[in-house]
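Colleague:
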Amino acid sequence: MGNKDCLFCKIINKEIKSSIVYEDKDILAFKDIHPQAPVHILIIPKQHIEKISDLDEQKKDIVSNLILIANNLARDNKIDKQGYRLVFNCGPDAGQLVFHIHLHLLGGRKMAWPPG
Ligand code: AMP
Ligand code: ZN
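Each residue of the sequence shown is one higher than the one before, counting from 1 in our numbering.
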């Protein structure tokens, strides 16, 4: 299933180990391997979609589902009151490194703005 050259598809298929914090039939969430904050979780659709700009009318609900899971995980990690940041990097200028849509949930420290 998925794209055989995609790192996150391999994580979904359990070919590569990850620290999974949530899974259902459509979504997987796991800890980022290089955390940039005390809480840093990636929430991904199981469907291989390269980037957020590839979403269309038919696939738009995927993103709202990712956000609802991120909100639940923020609550589980007790960062919901203090606040957290949700980030999609899209394309080279945004620093996207893995071309399978992923939502970053970052929290547990004060964030800077503007982002670097
Ligand atoms: P982006 O720059 O938005 O494409 O983010 C890719 C993220 O994936 C980075 O924050 C990486 O630290 C993270 N990452 C890369 N490889 C792994 C892995 N094997 N397990 C968990 N997170 C990973
Ligand atoms: Zn993929």
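Quick reminder that beta carbons are idealized off the backbone N, C-alpha and C, glycines included.
Give the single residue among His102, Leu28 and Gly108 whose Cα lies nearest to the Cα of isoleucine 52.
Modeller: His102
Colleague: If I measure Cβ to Cβ from valine 87 and keep anything under 6 Å in the same chain, skipping five residues before and after, which residues do I get?
Modeller: His104
Colleague: Can you tell me which of His34, Asp54 and Val39 puts its alpha carbon nearest to the alpha carbon of leucine 106?
Modeller: Val39
Colleague: Looking at alanine 74: is its Cβ nearer than 7 Å to the Cβ of isoleucine 43?
Modeller: no
Colleague: Report yes if the CB atom of isoleucine 20 is closer than 7 Å to the CB atom of phenylalanine 8, and no otherwise.
Modeller: In this structure, phenylalanine 8 does not lie closer than 7 Å to isoleucine 20 by Cβ.
Colleague: One question on the structure: do alanine 37 and glycine 108 come within less than 7 Å of each other, judged by their Cβ atoms?
Modeller: Taking C-beta atoms as the reference points, alanine 37 and glycine 108 count as a pair closer than 7 Å.
Colleague: Hey, would you say the C-beta of phenylalanine 8 is under 6 Å away from at least one heavy atom of the ligand ZN?
Modeller: Because some heavy atom of the ligand ZN lies under 6 Å away, the Cβ of phenylalanine 8 counts as near it: yes.
Colleague: Within the present structure, is the beta-carbon of aspartate 154 separated from the nearest heavy atom of the ligand AMP by less than 6 Å?
Modeller: In this structure the chain extends from 1 to 116, so residue 154 is not present and cannot be described.
Colleague: Compute the minimum distance between the beta carbon of asparagine 120 and the heavy atoms of the ligand AMP, and state whether it is under 6 Å.
Modeller: In this structure the chain extends from 1 to 116, so residue 120 is not present and cannot be described.
Colleague: Is histidine 102 a contact residue of the ligand MN, with contact defined as CB to any heavy atom under 6 Å?
Modeller: As for the ligand MN, it is missing from this structure, which binds only the ligand AMP and the ligand ZN.
Colleague: Determine the burial state of isoleucine 79: buried for a count of at least 16 other Cβ atoms within 10 Å of its Cβ, exposed for fewer.
Modeller: buried
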